[in-house]
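Asker:
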Amino acid sequence: MSLANIASAKAQPSLLARLFARQELALFVCLILVLVFFSVTVENFFSVRNMTNVLGQASLALTAGIGCAIVFISGEVDISIGSLLATIALPLIIIMNDTNSLLLGVSAALLFGLIIGVVNGYLTAYAGINSLIVTLGTMFIMRGGVYLYTGQRAIPDNASLDSFIALSDGRLFNIIPYSAVIAIVLLAAFGYMMQHRPFGRQIYAVGGNQEVARLAGYDVRRVKFICFIISSLLATVAGIILAARVGSAQHTAGLNFEFQVVAATVLGGVSLAGGIGSLTGMALGVLILQFLSNGLRGLGLPTEWQLVITGMIIIAAVAFDEAKRRRANGG
Amino acid sequence: MSELTHASAPKRFIGGQLLGSSQLVLGVILAVLCIAISIAAPQFHSEANIIAILRQCALVLVVASGMTMLIITAEVDLSVGASLAFVGCIGMAVLNSTHSLALGMLAALAFAGGVGLFNGLVVTRLRVNSLIATIGTMMMLQGGVYLFTREAVQNHNQLASFTDLGAGYVGPVPVPVILAALIFVVAYVTLRFTTLGRYLYAVGANEKAVRLSGVRSERLKLFAFVVTGLCVGVAGMILSSLMNAGQPTAGRGFELTVIAAVILGGTSLLGGRGSLFGTLLGVLVLKVIDNGIIILGWNQDLQMVVPGVVIILATYLDIIRNRANVR
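Protein chains in written order, with my numbering: chain A, 1084 to 1414; chain B, 55 to 381.
1) Can you tell me whether DSSP reads asparagine 376 (chain B) as helix, strand or coil?
2) With distances taken Cα to Cα, identify the nearest neighbour of isoleucine 365 (chain B) among A:Phe1223, A:Gln1278, A:Phe1111.
3) How should serine 1243 (chain A) be labelled, buried or exposed, when 16 other C-beta atoms within 10 angstroms of its C-beta is the threshold for buried?
4) Would you identify the three-state DSSP class for glutamine 212 (chain B), choosing helix, strand or coil?
5) Starting from serine 271 (chain B), trace the alpha helix (DSSP H) both ways and give me its first and last residue.
6) Identify each residue in the segment 175 to 195 of chain B for which the Cβ-Cβ distance to at least one residue of chain A is less than 9 Å, and report them in chain order.
7) Proline 230 (chain B) lies in the alpha helix (DSSP H); which residues open and close that run?
8) Around the Cβ of serine 119 (chain B), are there at least 16 other Cβ atoms within 10 angstroms (buried) or fewer (exposed)?
9) Report yes or no: is there a C-beta of chain A within less than 9 Å of the C-beta of valine 363 (chain B)?
10) Using a Cβ-Cβ cut-off of 6 Å (strictly less than) and excluding sequence neighbours within five positions of alanine 256 (chain B), which residues of its own chain qualify?
11) Mind checking histidine 1334 (chain A): buried by the 16 CB within 10 Å criterion, or exposed?
12) Please check the pair alanine 112 (chain B) and alanine 234 (chain B), which I expect to be a contact at CB under 8 Å, by giving their CB distance rounded to whole angstroms.
13) How about glycine 1200 (chain A) and leucine 1316 (chain A): do their beta carbons lie closer than 9 Å?
14) Can you list, in chain order, the residues of its chain whose CB lies under 6 Å from that of alanine 368 (chain B), leaving out five sequence neighbours each side?
15) Note down, in chain order, every chain B residue with its Cβ under 9 Å from the Cβ of asparagine 1213 (chain A).
16) Here's a check: name, in chain order, each residue in its chain whose Cβ is nearer than 7 Å to the Cβ of valine 79 (chain B), leaving out the five neighbours to either side.
17) Take serine 295 (chain B) as the anchor and find which of B:Val141, B:Gly268, B:Gln196, B:Ala221 has the nearest alpha-carbon.
18) Can you tell me which of B:Gly351, B:Ile347, B:Gly336 puts its alpha carbon nearest to the alpha carbon of valine 82 (chain B)?
19) For leucine 266 (chain B), would you say it is in contact with chain A, using Cβ-to-Cβ distances shorter than 9 Å as the test?
20) Take glycine 351 (chain B) as the anchor and find which of B:Val86, B:Leu84, B:Gln97, B:Ala85 has the nearest alpha-carbon.
21) With a threshold of 7 Å on Cβ separation, who are the neighbours of leucine 72 (chain B) within its own chain once the five nearest residues in sequence on each side are excluded?
22) Is it right to say aspartate 1252 (chain A) is buried, meaning 16 or more other beta carbons lie within 10 angstroms of its own, or is it exposed?
23) Just checking, does the segment 1182 to 1198 of chain A make contact with the segment 1369 to 1389 of chain A on the three C-beta pairs under 8 Å criterion?
24) Would phenylalanine 1256 (chain A) be called buried (16 or more neighbouring beta carbons within 10 Å of its own) or exposed?
25) What residue range does the alpha helix (DSSP H) around phenylalanine 98 (chain B) cover?
26) How far does the alpha helix (DSSP H) with aspartate 1404 (chain A) in it reach, from first residue to last?
27) Under a Cβ-count criterion, where at least 16 other Cβ atoms within 10 Å of its own Cβ denotes burial, should glycine 362 (chain B) be classed as buried or exposed?
28) Would you call alanine 1299 (chain A) buried or exposed, if buried means 16 or more other Cβ atoms sit within 10 Å of its Cβ?
29) In the structure shown, what three-state DSSP assignment does glycine 326 (chain B) receive?
30) So what's serine 1331 (chain A) in DSSP terms, helix, strand or just coil?
31) What does glycine 1220 (chain A) reach in chain B if we use C-beta pairs closer than 9 Å?
32) Is lysine 262 (chain B) buried or exposed, if buried means 16 or more other CB atoms sit within 10 Å of its CB?
33) Comparing alpha-carbon positions, which option in B:Arg273, B:Val281, B:Ser215 lies nearest threonine 122 (chain B)?
34) By DSSP's criteria, arginine 1254 (chain A) is part of a beta bridge. Which residues make up the other side?
35) Given this structure, state the Cα-to-Cα distance separating glutamate 1405 (chain A) from glycine 290 (chain B), to the nearest angstrom.
36) Does the Cβ-Cβ distance between glycine 1378 (chain A) and glycine 1351 (chain A) come in under 9 Å?
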């Protein structure tokens, strides 16, 4: 980290160049371009209704993306979040059906999420198993477990609590969906933690150079352990929002969700190598992809084309970013 | 880093040529599994069942052979599942319109090899992380296959030679098993006994050192991507022959099964370490578990849970064993 600072101080680039070197600014410009393009080409795209709708849709990936980005920054990966979405919906819906209490249901879901985070974190940080393997394993175990338990059938939400339904279609001041409010609050809180709290800086240090972080006296294992717990708990929140939206515990919920989140996070400039990136970048990455898919649908393109174009954009964006970084490093 | 380079050096202890580090653990797991299932269900070791297991292994092993090479070079390909489905559809469509197995096969190989080439170029030229690049390709292929065909491409010819590809036998051995064995042997010899193979290990262990010693590391990675693609081409044709149609929905999660088998076999995701023999054992373990669950009459959804446990457990055992060795 400090080495990079010294290097950039030596080069002394102009203010403008330094501004554009900021990942977030480049992403912000991309987002504006996407918005402008679709505002011109798609009717009703730039309406309050559509904007807030997209924000609501993006809340799932935004919430889970915080955890994904934090785990990436710590130098690990978590691809179990898609299966987790389906898993925690079971205790949530079942407990709610039994007790008619949103609080108990959500507590049960968070407890499940916590346990999954502890398992992922322990196996990675303390047992020393590669996190891709661990979370690939727990991804299989959870998805299989959900199939086993449900017999591949959805469990409907019979309680139909108003507070739970409000999570899917309720809006703050009748404008912003509650799910988006939750995502924004979490984003602000964790963004503050990552940039201004000692623990956040420890995560960057651990991901940037594990050996240096250890020598500086940080408990590397504990930091990584906690990152996995954060990731699982945030994915749990996303899972609760999803369950509210579909009004049931779906055994197929969150299939491929981990890939979408990983793609958006990397698009947002969070490096898989660890130590680089910000939650702002991740959020911009999620919004770009979400507005893109919404706009393409507005243009009347079938979902298949959306997949194709999204795939191309992810590759192009990361390639562009990589080229920029190499030029900045002088090679 | 020193650990990696050390591990990539050829092993010389007794039996080490064949049974490197984690293969021993895996061999024991496989043996215990086979014995346990045989005791619980004697029909497990009937000839018919063994052939059935081998046939199921074939498809995974074909792709896993290429994937092992790729992961040894420290890259990964998540698009193989989506590519498998697309290849099956294209191969079948060409077969239907040309009535020629050779042309269908050629189209499948060209397409799958092209996907591999694309992945390889994006990773080596544009320097995109392979995990992200191939997620991108996966999305493009998943969308693309539905643009190509909305429903399964049915087999209109019923060419005997095509049906044999998936369902035929040579003596008692199924054709896909022979194909898988051929590809496995070629890949094994390449990795083990050729300069090219040793360079693939070297690129994965320390790419910079390889480049500084005058070898074009990008070409080696590109090679591994294309080989993986070609393997998917073969597997795609076998699969569409088995299903007697090209299914756009085929291959969901196939990439994860393949990668799980390779990792289970002790190939390190960091590159530079691993062996095809381990991959073979990994594929066998996963498929014996699958088969055992069916034979014992257990719930088939366990076919997802048990491999998950086995992957984590086997990796953990390997870590413990390595620690013991260091002491």
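Ideal Cβ placement from N, Cα and C applies to all residues, glycine included. Being a predicted model, the structure only gives us computed values, none of them experimental.
Answerer: A quick look at the data gives this:
1) helix
2) A:Phe1223
3) exposed
4) coil
5) 271 to 297
6) Val176, Arg179, Leu180, Arg181, Val182, Asn183, Leu185, Ile186, Ala187, Ile189, Gly190, Thr191, Met192, Met193, Met194, Leu195
7) 229 to 247
8) buried
9) yes
10) Val264
11) buried
12) 4 Å
13) yes
14) Leu318
15) Ile317, Ser322, Leu323, Leu324, Thr369
16) Ala368, Leu371, Asp372, Arg375
17) B:Ala221
18) B:Gly336
19) no
20) B:Gln97
21) Interpretation of leucine 72 (chain B) is limited by its pLDDT of 45, a score under 50 that renders its predicted location unreliable; the figure taken from the coordinates is listed afterwards. So the list reads Phe331, once near-sequence residues are dropped.
22) exposed
23) no
24) exposed
25) Looking at the DSSP string, phenylalanine 98 (chain B) is not in any alpha helix (DSSP H), and its letter there is neither H nor E.
26) 1386 to 1411
27) buried
28) exposed
29) coil
30) strand
31) Ala314, Pro361, Gly362, Val363, Val364, Ile365, Ile366, Leu367, Thr369
32) exposed
33) B:Val281
34) A:Pro1260
35) 33 Å
36) no
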